[in-house]
Amino acid sequence: MYAQMVTSEAADDSPEARAFQARIDAGEKIEPKDWMPEAYRRTLIRQIGQHAHSEIVGQLPEGNWITRAPTLERKAILLAKVQDEAGHGLYLYCAAETLGVSRDDLTEDLLSGRMKYSSIFNYPTLTWADMGAVGWLVDGAAIMNQVPLQRTSYGPYARAMVRICKEESFHQRQGYDIMLKMCRGTPAQKRMAQDAMNRFWYPALMMFGPSDKDSVHSAQSMAWRIKINTNDELRQKFVDETVPQAEFLGLAIPDTDLRWNEERGHYDFSEPDWTEFYDVIKGNGPCNVERMTARRKAWDDGAWVREGLLAHARKKAGKVAAE
Amino acid sequence: MDALHEFCLRMGDNTLVLGHRVSEWCGHSPVLEEDIALANTALDLIGQTQMWLGLAAEIEGQGRTADDLAFLRDAWDFRNLLLVELPNGDFGQTMMRQFLFDTWHHAMLTALAGSSDDRVVAIAAKAVKEASYHLERSAGTVIGLGDGTAESHARMQAALDLLYPYYGEMFAADATDTALAAAGIAPLPESLRASCDVRLRQVTEEATLTLPASSFAHSGGKTGARHTENLGHILTQMQWLQRAYPGATW
Ligand SMILES: [Fe+2]
Ligand SMILES: [Fe+2]
Numbered sequence: 001m002y003a004q005m006v007t008s009e010a011a012d013d014s015p016e017a018r019a020f021q022a023r024i025d026a027g028e029k030i031e032p033k034d035w036m037p038e039a040y041r042r043t044l045i046r047q048i049g050q051h052a053h054s055e056i057v058g059q060l061p062e063g064n065w066i067t068r069a070p071t072l073e074r075k076a077i078l079l080a081k082v083q084d085e086a087g088h089g090l091y092l093y094c095a096a097e098t099l100g101v102s103r104d105d106l107t108e109d110l111l112s113g114r115m116k117y118s119s120i121f122n123y124p125t126l127t128w129a130d131m132g133a134v135g136w137l138v139d140g141a142a143i144m145n146q147v148p149l150q151r152t153s154y155g156p157y158a159r160a161m162v163r164i165c166k167e168e169s170f171h172q173r174q175g176y177d178i179m180l181k182m183c184r185g186t187p188a189q190k191r192m193a194q195d196a197m198n199r200f201w202y203p204a205l206m207m208f209g210p211s212d213k214d215s216v217h218s219a220q221s222m223a224w225r226i227k228i229n230t231n232d233e234l235r236q237k238f239v240d241e242t243v244p245q246a247e248f249l250g251l252a253i254p255d256t257d258l259r260w261n262e263e264r265g266h267y268d269f270s271e272p273d274w275t276e277f278y279d280v281i282k283g284n285g286p287c288n289v290e291r292m293t294a295r296r297k298a299w300d301d302g303a304w305v306r307e308g309l310l311a312h313a314r315k316k317a318g319k320v321a322a323e
Numbered sequence: 324m325d326a327l328h329e330f331c332l333r334m335g336d337n338t339l340v341l342g343h344r345v346s347e348w349c350g351h352s353p354v355l356e357e358d359i360a361l362a363n364t365a366l367d368l369i370g371q372t373q374m375w376l377g378l379a380a381e382i383e384g385q386g387r388t389a390d391d392l393a394f395l396r397d398a399w400d401f402r403n404l405l406l407v408e409l410p411n412g413d414f415g416q417t418m419m420r421q422f423l424f425d426t427w428h429h430a431m432l433t434a435l436a437g438s439s440d441d442r443v444v445a446i447a448a449k450a451v452k453e454a455s456y457h458l459e460r461s462a463g464t465v466i467g468l469g470d471g472t473a474e475s476h477a478r479m480q481a482a483l484d485l486l487y488p489y490y491g492e493m494f495a496a497d498a499t500d501t502a503l504a505a506a507g508i509a510p511l512p513e514s515l516r517a518s519c520d521v522r523l524r525q526v527t528e529e530a531t532l533t534l535p536a537s538s539f540a541h542s543g544g545k546t547g548a549r550h551t552e553n554l555g556h557i558l559t560q561m562q563w564l565q566r567a568y569p570g571a572t573w
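Protein sequence lines correspond, in order, to chains P and F.
Here the numbering used here is used: the first residue of the first sequence is 1, the next is one more, and so on.
Here the numbering used here is used: the first residue of the second sequence is 324, the next is one more, and so on.
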């Protein structure tokens, strides 16, 4: 997901930790001033931070098409969408700050490579149909994960998710609408749409993280209710919802083993290539270098602006104090 | 009326081209809050473009749409100020360009409240609220960075020196402007100059910046006579899909 492979730390067995777990089991929300195990706090910082970074880096593949959007309306919608993602980043950094880290620290961790962001944003957006595929599949997959996280145990995270989820359905709808226009359009547009589907299907499935049998950190996170469903549950739900939508569009899903399983009441489908997934996570995706270069450049080039505005604010505060 | 048609193109091309430039920052700004604010500015400008070019197409009466005007005209038919097509440069240059434009844009839209054309009044009424917010922000940023560190001051002074020669075009009149003023549709551009100059002096003074001594002004954008080399590159990007796939709907 946006937070794909968060290393969770084991809880200790102190009386406080047991009382804390009892609160979570009773469905109570944990608030910033409450006692919490260090491991819970650190795991959450990693998870929320990774989620925030994904929103920010996630601006880049779609930002890539704003200046080339084919109509004024599409341009406005895409701008609004990418602006929302920046806003999501802001809510999430604020939620992380309640755990005692600063936004600047988290940013430094992203830029130095100590913290990750979702693998999906390391794939290129090559045609206008990719704006459709990203909205429909990528935001669609994000929704699968974020809707349950509205009930996560940490109050500020849950509330950030409530605000984010309100906007995500618009994101998915605008993506699907682009796809629909392409699929009902000229042969060239249909070709673009199918090509986008072919390139984004498996990377979208990877967003949910490795298969449950290989997902070593899930149990503790689920006990703490900072993870609500397993990776495979969410992936299955995504496939089940997406296949009929693809059929309506007239797009083929690039998986010859995909078929409805009457017995299970779910679609059977092929696993993505996990070797590719780990390559992307390690920095060898098609766009890892470009994405990090762009973020570092924005941060480095912006240093004089941040310092300038800060210096001015201090001068003003000094003048007010002197009066 | 031809002058009104021309006027709508001028207003709409300004917001289209500046909106394009500002949107180039998306995902690349110095701080997250600025990224959101710049996207918001671009969004307002594109929205205003839809209204101005929509009215231009309506007056034209040839069945063209705002999109046709935005995506299917060549550079010589564009009527935007040279200022708005200039490259973003650093963040300071972008904000200085925005401030100079906002100063004029806000004054113009305010004056259009008294236009004899109801359609113009309606567009201006919506746009002026956005423009006044843009002006507040860009003026504040120019002041903050001008009066910030030695480096931010030097960069803002360089931006002002670079862009000031493009300030004067906003107040230069041609036959279209005279016809618009005679019909009570829009004010004479030079009538906006005094109040804009006052604001410019106030803001640059507070920003500890020095206005260049020369009042030389480049021209050729709003008449379409001679754009800068930048516009062709902007259109190459902006119009590419519409040009490469004619007749497709998106
Ligand atoms: Fe988001
Ligand atoms: Fe989204």
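Just so you know, even glycine gets a beta-carbon here, dropped at the ideal spot from N, CA and C.
- Contact between Leu468(F) and Phe494(F) fails: their C-beta atoms lie close to 25 Å from each other, not under 8 Å.
- Counting only runs of at least 4 residues, the region 374-407 of chain F fully encloses the following alpha helix (DSSP H) elements, listed from N- to C-terminal order: 389-395.
- Collapsing the DSSP output to three states places Asn261(P) in a strand.
- Exclusion of Glu62(P) from the 6 Å shell around ligand 1 follows from its C-beta lying no nearer than that to any non-hydrogen atom of the ligand.
- When C-alpha distances from Asn231(P) are compared across Ala22(P), Arg68(P), Ala246(P) and Glu271(P), the shortest belongs to Glu271(P).
- For the region 206-233 of chain P, the full-length alpha helix (DSSP H) segments reaching 4 residues or more read 218-223 along the chain.
- Exposure of Lys316(P) is indicated by the presence of fewer than 16 other C-beta atoms within 10 angstroms of its C-beta.
- Between Gln480(F) and the set Ala445(F), Ala530(F) and His429(F), the nearest pair of CA atoms involves Ala530(F).
- Per DSSP, Asp268(P) is one residue of the beta strand (DSSP E) stretching across His266 to Asp268.
- In this structure, the CA atom of Gln421(F) is about 29 Å from the CA atom of Ile382(F).
- Under the Cβ criterion of 7 Å, Gln174(P) is not counted among the residues facing chain F.
- Beta-bridge partners assigned by DSSP to Tyr154(P): Ile30(P).
- For His51(P), the distance from the CB to the nearest heavy atom of ligand 1 is not below 6 Å.
- Within chain F, no residue has its beta carbon less than 7 Å from that of Gln50(P); the closest one is some 16 Å off.
- In the three-state scheme derived from DSSP, where H, G and I count as helix and E and B as strand, Val239(P) is classed as helix.
- The alpha-carbon of Val451(F) is positioned some 24 Å away from that of Asp497(F).
- Not one heavy atom of ligand 1 lies closer than 6 Å to the C-beta of Glu233(P).
- With a threshold of 7 Å between beta carbons, Pro70(P) makes contact with chain F.
- Comparing alpha carbon positions, the residue from Ala473(F), Asp397(F) and Leu458(F) closest to Leu532(F) is Ala473(F).
- Contact annotation for Leu110(P) against chain F: no contact, minimum CB-CB distance about 12 Å [criterion: below 9 Å].
- The C-beta separation of Trp348(F) from Asp358(F) comes to about 7 Å, placing the pair in contact by the 8 Å criterion.
- Below the 9 Å Cβ cutoff, chain F contributes no neighbours of Ala160(P), its closest Cβ being approximately 14 Å away.
- Rounded to whole angstroms, the Cβ separation of Leu44(P) and Leu90(P) is 18 Å, and the two are not in contact under 8 Å.
- When secondary structure is reduced to three states using DSSP, Met144(P) falls in the helix class.
- Close CB contacts of Arg225(P) within its chain, under the 7 Å cut and outside five residues either way in sequence, are with Ile24, Thr152 and Ser153 (chain order).
- For Tyr489(F), the secondary structure class from DSSP, reduced to helix, strand or coil, is helix.
- Chain P places a beta carbon closer than 7 Å to that of Gly471(F), counting this residue as a contact.
- For the pair Ser455(F) and His429(F), the CB atoms are nearer than the 7 Å cut-off.
- Closer than 8 Å at the C-beta level to chain F, one finds these residues of the region 73-100 of chain P: Glu73, Arg74, Lys75, Ala76, Leu79, Ala80, Val82, Gln83, Ala86, Gly87, Gly89, Leu90 and Tyr93.
- Taking the Cα of Ser8(P) as reference, the smallest distance to any Cα among Lys297(P), Ser215(P) and Asp279(P) is reached at Ser215(P).
- Proximity of chain P to Cys331(F) at the Cβ level (cut-off 7 Å) is not reached, the minimal Cβ distance being about 14 Å.
- Three or more Cβ pairs closer than 8 Å define a contact, and the region 388-400 of chain F meets that threshold against the region 66-73 of chain P.
- Under a 10 Å Cβ-count criterion, Gln560(F) is classified as exposed, with fewer than 16 other Cβ atoms of the shown protein chains found around its own Cβ.
- Contact annotation: in the region 127-140 of chain P, residues whose CB is within less than 8 Å of a CB in chain F are Trp128.
- Relative to ligand 1, Glu357(F) has its C-beta separated by 6 Å or more from all heavy atoms.
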